[in-house]
Amino acid sequence: HKFHAGQVFCLRLGLEKLQSKQQSYSLLIADTLIVTEDAAEVVTTTPKKQSKVSWNVSDEQEEEVKTEKKEKKKPSDAEIKRAMEDKFGAEKSRHMTESEETDKQKQFDERNRELALRRVEEQRKRFNKEIGGASGKAVSHVSGYNGPADFPNKASGMNLCVDDANMTILVPINGMAVPFHVSTIKNLGIQQQGAAGTVLRVNFLSPGAGIKLSADNKTLMYLRELSFRAQEAHNMVLVHKQINDMKKAFNASEKEKQARDELVPQEAIRINPNRGPRLQTLKIYPNLQARGRKTEGDLEAHLNGFRFTVRKAANQDVKHVDILYRNIKHAFFQLSNKASTLILLHFRLKNPIMVGKNSTKDI
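The structure is reproduced here in structure tokens:
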């Protein structure tokens, strides 16, 4: 037979009834190999130390047969001692091997737990300067301005001002414009009171609302709520909507940053200089376009991965999506049938990638 590159073989060598000074024993050795262009490569990843792979098993049936054939005589003290050592020695060896495997698994689980906790702690320190407790949120120290000189021209001490560029609202307090970053706002409420006008209530994050403070922040004072009244309901409704939209945009931006930081770094795709296999006029999910618009494009195979190219991309961030071959865990292909006219090609990834502004493992 002729071997070819890419073939996999499992070699097993068994030896039976080998004789030693004290007993008869057998051996079974196995390895998995893959044939490459140059030479064979051993791909067995299990431990190879004798203490990890050896098992002492006594052949009780064979001993019984031999005992029947022999004349019935009382065993000597040396034979009894040797038999006890063989029996309990085998059990001790087996228990020690199982104990070593259990300890190794415990160490592996403990190491993974430490790495996970360290990763969470790094993320908290990145997005918050001061960390609260394990069950509490951190107090934000983000500021939209370095000083009053950076305030927008439209800000004054008599009206509410929403600065989308710096994610900040400026509110009038004692005739002065005071800035609050959107990350400090917990929620907003608006209430129409008829002839009395319309009231806008802004609730801020403060201690006691699921937030724990460090020792450095215990001397600070926190504002819990601000209320503003106006006769024109239209103006209050507009400000309420602007602040809510800004808060949603900030939360989405922070979520995207966190998702990007948690991604596993991957190599860049290597473009095939020749035209490779291509599927045209496909729709990708999750959608790259906003507002639920279907994203249409072409899927092309390159040297180390697939690239989905959007035909009409709104910007450079959604121009293409790269899927590396080595990152694909499962691939599913579903033909159309009577129940559905769709033809599906689904990739389940090992590590998530960014599709638009979201991270996902399924494409």
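Each residue of the sequence shown is one higher than the one before, counting from 992 in the working numbering.
All C-beta atoms, glycine included, are put in the ideal place defined by N, C-alpha and C.
Reduced DSSP secondary structure (H/G/I, E/B, other) of residue i
i, result
"residue 1255", "coil"
"residue 1183", "strand"
"residue 1107", "helix"
"residue 1016", "strand"
"residue 996", "coil"
"residue 1160", "strand"
"residue 1342", "strand"
"residue 1262", "coil"
"residue 1028", "coil"
"residue 1129", "Because residue 1129 carries a pLDDT of 48, less than 50, the predicted location of this residue cannot be relied on, and the following value inherits that uncertainty. Reduced to three states, the DSSP call for residue 1129 is coil."
"residue 1036", "coil"
"residue 1003", "strand"
"residue 1280", "coil"
Test item: CB-CB of residue i and residue j under 9 Å
i, j, result
"residue 1091", "residue 1043", "yes"
"residue 1290", "residue 1273", "yes"
"residue 1250", "residue 1158", "no"
"residue 1287", "residue 1301", "yes"
"residue 1297", "residue 1313", "yes"
"residue 1031", "residue 1004", "no"
"residue 1275", "residue 1299", "yes"
"residue 1268", "residue 1351", "no"
"residue 1336", "residue 1320", "no"
6 Å Cβ shell around residue i - same chain, five flanking residues per side excluded
i, result
"residue 1023", "1001, 1034, 1035"
"residue 996", "1026, 1027, 1028"
"residue 1219", "1191"
"residue 1007", "1017"
"residue 1164", "none"
"residue 1292", "1267, 1268"
Neighbour-count burial assignment, residue i, 16 or more Cβ in a 10 Å radius
i, result
"residue 1357", "What the structure shows of the chain is the stretch from 992 to 1354, and residue 1357 is not part of that stretch, so it cannot be assessed."
"residue 1318", "buried"
"residue 1196", "buried"
"residue 1279", "buried"
"residue 1315", "buried"
"residue 1224", "exposed"
Residues of its chain near residue i, where Cβ-Cβ distance is below 8 Å and the 5 sequence neighbours each way are ignored
i, result
"residue 1181", "1189, 1190, 1191, 1192, 1227, 1228, 1231"
"residue 971", "The requested residue 971 is not part of the displayed model; the chain covers only 992 to 1354."
"residue 1221", "1188, 1189, 1191, 1227"
"residue 1241", "1158, 1173, 1174"
Close beta carbons around residue i, own chain, < 7 Å, minus the five adjacent residues each side
i, result
"residue 1237", "1153, 1155, 1158, 1173"
"residue 1162", "1151, 1169, 1171, 1217"
"residue 1038", "1044"
"residue 1294", "1261, 1263"
"residue 1311", "1298, 1299, 1300, 1301"
"residue 1343", "1254, 1350, 1351, 1352"
"residue 1233", "1153"
Distance cut-off 8 Å: residue i Cβ against heavy atoms of the ligand GDP
i, result
"residue 1346", "Among the components of this structure there are no ligands whatsoever, and the ligand GDP is therefore not found."
Open item on the list: To test your reading of the DSSP string, which unbroken alpha helix (DSSP H) runs of 4 or more residues are found completely within the stretch 1285-1326?
Closed with: Taken in chain order, the complete alpha helix (DSSP H) segments of 4 or more residues contained in the stretch 1285-1326 number zero; there are none.
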